[in-house]
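A short write-up of the structure that comes next.
Residue numbers (the working numbering): 1 to 277.
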């Protein structure tokens, strides 16, 4: 090998080395940029309306006992025997306890409600939140194992709930099979999974003045509904009023109050579950 050839090889190696270093740095910058953008995106979320939450807590305090940990909140009926268990997945970029008023209203009617806390307020980042929330409460769960379970969710939370439920149905070795999921409840949401071949029950609650939901996606999802499905419409309601966090961008104009929509939603859910028990 001549001196000239050796020099060319060294220059080529230096070039390749600098190129690889440049690529690594560029990828690192892109990765950091994506993480930063995601953090900025998720930091702008809808917070619970503390005034409404406090009012309903005070009103139903003697009927509902609630407690929470890092994974979410549990609501237990105090004056009625528990009928069923509802796991409710929060909507995207909404603080999870914005749905506490709805949980209080449903729980007061005799239903144990589980409200998972989602990472970055996005249910799609913890589709198995139903498992995470009850982990470590085996004795408590065993005492209610005979009750029927229902998954529910608002907006993006409903989509995540449908994904979780489909995975559980498909997994024959699923350790949670004894939970006996009887159905799924959508609040301004829809399934992306096919349940048309199952004996599940499905309830879809829609607000007439909803300005957020993808109506085309909603209508298209009906082909995935099981035979035992029903749809209820809340006249004058909006997308945001299934929780208590104000009115989100792009939503319609309500002609009923937030509290009225919460009560109507609980009415529909109670009627739906009782019809199938």
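Note that CB positions come from ideal geometry on N, CA and C, so glycine has one too.
Checklist entry - Does the Cβ-Cβ distance between residue 210 and residue 184 come in under 8 angstroms? => result no
Item to check | Segment contact, 8 angstroms Cβ cut-off, at least three pairs: the segment 84 to 94 with the segment 121 to 137 | outcome: Yes, they touch.
Item to check | Whole-Å CB distance - residue 224 paired with residue 193, under 8 angstroms assumed | outcome: 7 angstroms
Item to check | Buried or exposed by the 16-neighbour rule on C-beta atoms within 10 Å, applied to residue 137 | outcome: exposed
Item to check | Cβ separation of residue 99 and residue 65, assumed to be a contact under 8 angstroms, to the nearest whole Å | outcome: That pair is no contact at about 17 angstroms.
Item to check | Top-ranked residue by Cα proximity to residue 56, from 76, 67, 101 | outcome: 101
Checklist entry - On the three-pair Cβ rule with 8 angstroms, is the segment 105 to 119 touching the segment 127 to 146? => result yes
Item to check | beta strand (DSSP E) segment containing residue 89, residue limits | outcome: 84 to 89
Next on the checklist: For residue 52, which residues in the same chain have their Cβ closer than 8 angstroms to its Cβ, ignoring the five residues on either side in sequence?
Outcome noted: 101, 244, 258, 259
Item to check | Option in 46, 235, 212 with minimal Cα separation from residue 255 | outcome: 235
Next on the checklist: For residue 181, count the other beta carbons within 10 Å of its own beta carbon; 16 or more makes it buried, fewer makes it exposed. Which is it?
Outcome noted: buried
Next on the checklist: Relative to the C-alpha of residue 119, which candidate in 70, 50, 74, 109 has its C-alpha closest?
Outcome noted: 70
Next on the checklist: Considering just the uninterrupted stretch of the beta strand (DSSP E) at residue 72, what are its terminal residues?
Outcome noted: 72 to 77
Next on the checklist: Cutting at 7 angstroms between CB atoms, please list the residues of its own chain near residue 60, excluding the five before and the five after it.
Outcome noted: 104, 108
Next on the checklist: Please tell me whether residue 272 and residue 188 are closer than 8 angstroms, where the distance is taken between their beta carbons.
Outcome noted: no
Next on the checklist: So, for residue 178: in the same chain, excluding its five sequence neighbours on each side, which residues have a beta-carbon less than 8 angstroms away from its beta-carbon?
Outcome noted: Residue confidence is low: residue 178 scores 49 on pLDDT, short of 50, so the model does not pin down where it sits. Its coordinate-derived value is still stated next. Once the five neighbours on either side are set aside, the close Cβ partners of residue 178 are 145.
Next on the checklist: Can you tell me whether residue 334 is buried or exposed? The criterion is at least 16 other CB atoms within 10 Å of its CB, across all chains shown.
Outcome noted: Any answer about residue 334 is impossible in this case: the structure gives the chain only from 1 up to 277.
Checklist entry - Buried or exposed: where does residue 227 fall if 16 or more other Cβ atoms within 10 Å of its Cβ makes it buried? => result exposed
Checklist entry - Whose C-beta lies closer than 6 angstroms to the C-beta of residue 87 among residues of the same chain, with five residues either side of it excluded? => result 114, 130, 151
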